[in-house]
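Asker: Chains as they are written, first to last, in the numbering used here: chain A, 23 to 146; chain B, 100 to 403.
One structure coming up, written as structure tokens, with questions to follow.
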């Protein structure tokens with residue numbers, strides 16, 4: 023029997039954690055494995071956002087809506103976006119959002135996606 | 100014909116010979132034992148289960164046998180055998196009965212890839228069921244045993260089985276495994292329930308098995324759908340309190356407790372999703388069983 027892969031909680035926490043992410047000059051891009059899995063990934067809309075299931079990785083993630091939005095922004099091969107660009111993308115989508123709160127939520131989403139190894143940070 | 104129709108001599112003779120063939124929900128089992136001292140309690144645990152005739156297909160041929168060689172006499176051991184293989188290391192002989200139950204659980208978990216198997220208790224009122232997934236020590240089996248002794252129907256204390264095609268729950272109505280303090284709690288709470296003698300020093304502590312109620316066994320094949328997913332947690336002194344849970348958190352809890360979610364892939368994902376969608380999902384803190392039962396009764400009334 024193969025080892026059981028545990029579902030992972032990757033939702034935003036209600037109390038934002040102090041971020042360890044560097045920001046200057048850093049861009050974010052999807053990991054290559056994400057593109058391999060894309061055709062078979064299943065999504066389910068839930069109260070808290072989305073459940074993402076990757077049958078190949080055997081991985082289940084609970085994502086906040088903004089986290090999925092950020093992931094979708096990066097789910098194009100070759101696309102690399104800075105935190106500022108991602109913030110702007112969110113604000114374009116939600117013009118009434120508070121920019122400071124938006125920045126906090128984007129940072130939390132990036133940390134969650136980095137932890138889940140769906141995206142990677144690049145410095146050039 | 101039920102197991103209880105056999106005299107104790109007939110039961111012991113069959114158990115030591117060709118085996119007791121009985122149905123536990125969707126599974127047909129043949130139980131054999133070369134450890135005669137378990138016969139009396141085993142007969143009472145499965146008293147209400149139907150016997151099946153020799154021509155029926157048997158899913159699991161399981162047997163408890165004494166240890167080899169010197170282990171028959173020196174610190175005696177018991178071995179669990181299924182279909183002629185021994186998946187576990189032997190245990191002390193006085194753990195034979197819990198070992199048989201653990202072994203049957205293992206069989207269901209290892210061989211049932213056509214259904215979603217969740218490490219959870221499940222109980223039903225009519226055709227609506229509450230699924231109680233929870234880690235060891237959360238009071239899941241204690242709560243389950245209490246509910247079953249207050250009119251709820253036992254589907255399973257350990258393995259909740261969800262059909263992939265219809266999403267219905269499949270009952271087992273097998274004995275409830277009680278551990279440590281919960282043994283005396285249930286003995287006092289339900290004096291009429293049959294509990295085996297406590298077995299000391301198992302890997303789970305002290306263990307006793309509680310027989311399922313007759314009503315649970317007789318209605319085991321009633322089509323039942325999940326209506327509530329309740330994540331229980333015993334907390335000393337706490338008032339009984341249900342807290343609504345989002346269906347995303349419920350999804351993760353159910354998937355986390357599923358034994359074969361990772362094997363079923365997309366079918367498991369769909370089954371878990373369908374289950375949390377059709378349930379009202381809660382976390383539940385409790386300390387007093389009567390209060391906990393009242394909360395469940397209210398749940399059942401609210402949706403009657």
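Cβ coordinates follow ideal geometry from the N, Cα and C atoms, glycine included.
1. Between which two residues does the beta strand (DSSP E) harbouring residue 340 of chain B extend?
2. So that I know if they touch, is there some Cβ in chain A lying closer than 8 Å to that of residue 351 of chain B?
3. Which parts of the segment 227–305 of chain B are runs of the beta strand (DSSP E), unbroken and 3 residues or longer, counting only runs that do not cross its ends?
4. What do you reckon, are the CB atoms on residue 196 of chain B and residue 310 of chain B nearer than 8 Å?
5. Apply the 10 Å Cβ neighbour rule to residue 100 of chain B and answer buried if 16 or more other Cβ atoms are within range, or exposed otherwise.
6. So, do the segment 312–320 of chain B and the segment 255–268 of chain B have three or more beta carbon pairs nearer to each other than 8 Å?
7. Looking at the structure shown, is residue 189 of chain B part of a helix, part of a strand, or coil, going by DSSP?
8. Count the other CB atoms, across all protein chains shown, that sit within 10 Å of the CB of residue 361 of chain B; report buried if there are 16 or more and exposed otherwise.
9. Taking beta-carbon pairs under 7 Å, can you tell me which members of the segment 65–96 of chain A lie near chain B?
10. With contact counted as at least three CB pairs below 8 Å, one residue from each stretch, are the segment 114–123 of chain A and the segment 70–77 of chain A in contact?
11. Where does residue 34 of chain A sit, in a helix, a strand or coil, going by DSSP?
12. Applying a beta-carbon distance threshold of less than 8 Å, which residues of chain A neighbour residue 213 of chain B?
13. Specify, as a first and last residue, the run of the beta strand (DSSP E) that residue 383 of chain B falls within.
14. What three-state label does DSSP hand residue 53 of chain A in the structure shown?
15. Is the shortest distance between the beta-carbon of residue 440 of chain B and the beta-carbons of chain A less than 8 Å?
16. So, helix, strand or coil for residue 71 of chain A, using DSSP?
17. Among the residues of its own chain, which have a CB less than 8 Å from the CB of residue 371 of chain B, if the five just before and after it don't count?
18. Are the C-beta atoms of residue 361 of chain B and some chain A residue less than 8 Å apart?
19. Output yes or no for whether 8 Å exceeds the beta carbon distance between residue 325 of chain B and residue 377 of chain B.
20. Tell me whether the segment 239–254 of chain B and the segment 194–213 of chain B touch, counting them as touching only if at least three CB pairs, one residue from each stretch, are closer than 8 Å.
21. Secondary structure at residue 211 of chain B, three-state DSSP: helix, strand or coil?
22. What separation, rounded to the nearest whole angstrom, lies between the Cα atoms of residue 217 of chain B and residue 109 of chain B?
23. If you reduce the DSSP assignment to three classes, tell me which class residue 205 of chain B lands in.
24. Enumerate in chain order the residues of its own chain whose CB-to-CB distance from residue 220 of chain B is below 6 Å, with the five nearest sequence positions on each side excluded.
25. Report buried or exposed for residue 162 of chain B, applying the criterion of at least 16 other Cβ atoms within 10 angstroms of its Cβ.
26. Starting from the N-terminal side, write out each stretch of the beta strand (DSSP E) that is 3 residues or longer and does not extend beyond the segment 110–145 of chain B.
27. Could I get the ranges of all uninterrupted beta strand (DSSP E) runs contained in the segment 61–146 of chain A, with 3 residues as the minimum, in chain order?
28. Please tell me whether residue 326 of chain B has its Cβ less than 8 Å away from any Cβ of chain A.
29. Closer than 8 Å is the cut-off here; do at least three beta carbon pairs connect the segment 119–128 of chain A with the segment 119–134 of chain B?
30. I want to see whether chain A comes within less than 8 Å of residue 233 of chain B, judged by CB atoms only; does it?
31. Taking the alpha-carbon of residue 301 of chain B as reference, which of B:287, B:290, B:135, B:277 has the nearest alpha-carbon?
32. Between residue 266 of chain B and chain A, is there a C-beta pair that is closer than 8 Å?
Answerer: Checking against the coordinates, here is how it stands:
1. If you number the second chain from 1, residue 340 of chain B lands on position 241. Per DSSP, residue 340 of chain B belongs to the beta strand (DSSP E) from 340–343.
2. Residue numbering aside, residue 351 of chain B sits at position 252 when the second chain is read from its first letter. Chain A contact via Cβ: present.
3. 227–232, 252–255, 258–262, 275–278, 298–301
4. Reading the second chain from its first residue, position 97 is the one you call residue 196 of chain B. Reading the second chain from its first residue, position 211 is the one you call residue 310 of chain B. No, the pair does not count as a contact, with Cβ atoms beyond the cut-off.
5. Position 1 of the second chain, counting from 1, holds the residue named residue 100 of chain B. So residue 100 of chain B ends up on the exposed side.
6. no
7. As a first step, residue 189 of chain B is located in the second chain; it is residue number 90 there, counting from the start. Three-state DSSP puts residue 189 of chain B in coil, outside helix and strand.
8. Stepping through the second chain from its first residue, residue 361 of chain B is reached at position 262. Classification of residue 361 of chain B: buried, given that the 10 Å Cβ count is 16 or more.
9. 66, 68, 69, 70, 71, 73, 75, 77, 80, 82, 84
10. no
11. Start at 1 with the first residue of the first chain, and residue 34 of chain A comes out as number 12. Model confidence at residue 34 of chain A stands at a pLDDT of 47, short of 50, so the residue's coordinates are unreliable and nothing is read from them.
12. Position 114 of the second chain, counted from the start, is the residue given in the question as residue 213 of chain B. In chain order: nothing, as chain A lies at least about 16 Å away.
13. As a first step, residue 383 of chain B must be located in the second chain, where it is residue number 284. Element bounds for residue 383 of chain B: 379–385.
14. Against the first chain, residue 53 of chain A aligns to sequence position 31. If DSSP states are grouped into helix, strand and coil, residue 53 of chain A belongs with coil.
15. Outside the modelled stretch of chain B, which goes from 100 to 403, sits residue 440 of chain B, for which no answer is possible.
16. As a working note, residue 71 of chain A is residue 49 in the first chain. The answer is strand: DSSP assigns residue 71 of chain A an E or B state.
17. Residue 371 of chain B sits at position 272 when you count from the first residue of the second chain. Contacts found: 215, 350, 353, 354, 357, 360.
18. On the second chain, residue 361 of chain B is found 262 positions in, with the first residue counted as 1. Taking Cβ atoms only, chain A reaches closer than 8 Å to residue 361 of chain B, which makes this a yes.
19. By one-based count along the second chain, residue 325 of chain B stands at place 226. By one-based count along the second chain, residue 377 of chain B stands at place 278. In this structure, residue 377 of chain B lies closer than 8 Å to residue 325 of chain B by Cβ.
20. no
21. Sequence index remark: in the second chain, residue 211 of chain B carries index 112 (1-based). In this structure, residue 211 of chain B counts as coil in the three-state DSSP scheme.
22. For the purposes of this step, residue 217 of chain B is taken as the residue at position 118 of the second chain. For the purposes of this step, residue 109 of chain B is taken as the residue at position 10 of the second chain. Distance between the alpha carbons of residue 217 of chain B and residue 109 of chain B: 36 Å.
23. Indexing the second chain from 1 puts residue 205 of chain B at position 106. Reduced to three states, the DSSP call for residue 205 of chain B is helix.
24. Residue 220 of chain B sits at position 121 when you count from the first residue of the second chain. Excluding sequence neighbours, residue 220 of chain B sits near 231, 239, 243, 256.
25. For this step, residue 162 of chain B is matched to residue 63 along the second chain. Looking at its Cβ environment, which holds 16 or more other Cβ atoms inside 10 Å, residue 162 of chain B is buried.
26. 119–123, 126–132
27. 64–68, 71–76, 81–85, 141–144
28. In the second chain, counting from the first residue as 1, residue 326 of chain B sits at position 227. Judged by the 8 Å Cβ criterion, residue 326 of chain B is not in contact with chain A.
29. no
30. On the second chain, residue 233 of chain B is found 134 positions in, with the first residue counted as 1. It does not; no Cβ of chain A falls within 8 Å.
31. To locate residue 301 of chain B, count along the second chain from 1; it is residue 202. When each option's Cα is compared against that of residue 301 of chain B, the closest is B:277.
32. Stepping through the second chain from its first residue, residue 266 of chain B is reached at position 167. With 8 Å as the cut-off, residue 266 of chain B does not count as an interface residue toward chain A.
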